[in-house]
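In this note's numbering, the protein residues as written are 2 to 119. As structure tokens, the structure follows; a few thoughts come after it.
Here you go:
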């Protein structure tokens with residue numbers, strides 16, 4: 002006899018993990034890119050605040066001259082940034098997996114026996 006697990010909202014049980022994955026990916030990538038770019042941003046801000054430039058074109062030219070190495074560094078570290086984001090989503094996956102196991106136990110479904118390691 003097969004038992005069904007009743008969920009409060011079937012839509013969120015399907016869309017929730019996907020939206021959570023996207024949210025975690027975006028947040029972690031944003032934070033890591035900001036950490037990498039922050040020294041360059043501060044240098045660009047100090048250069049603009051020094052007041053040596055008078056036109057918008059001069060300001061933007063100086064900004065891009067300072068920020069180009071930062072963007073190159075972010076692009077060269079994209080694999081590491083993506084790996085850190087994936088590690089954070091792995092934590093979310095573990096939490097969701099343990100919640101599903103608890104829901105199965107509470108609903109009276111039979112528990113799978115673990116195979117021996119050998």
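For each residue, glycine too, the CB sits at the ideal point set by N, CA and C. Computed from a predicted model, the values in this text were never measured in an experiment.
Taking C-beta to C-beta, are residue 30 and residue 87 nearer than 8 Å? Translated into positions along the chain shown, residue 30 becomes position 29. Translated into positions along the chain shown, residue 87 becomes position 86. Cβ distance not < 8 Å, so residue 30 and residue 87 don't count as in contact.
What first and last residue would you give for the alpha helix (DSSP H) that runs through residue 94? For the purposes of this step, residue 94 is taken as the residue at position 93 of the chain shown. From DSSP, the alpha helix (DSSP H) with residue 94 extends over 79–107.
Beta-carbon proximity of residue 44 to residue 60, cut-off 8 Å: Position 43 of the chain shown, counting from 1, holds the residue named residue 44. Position 59 of the chain shown, counting from 1, holds the residue named residue 60. Contact flag unset, no.
Run through DSSP, which three-state label would residue 50 get? Against the chain shown, residue 50 aligns to sequence position 49. Looking at residue 50 - three-state DSSP - the assignment turns out to be helix.
Comparing C-alpha positions only, which one of 98, 37, 56 sits nearest to residue 71? To locate residue 71, count along the chain shown from 1; it is residue 70. Of the candidates 98, 37, 56, the one whose C-alpha sits nearest the C-alpha of residue 71 is 37.
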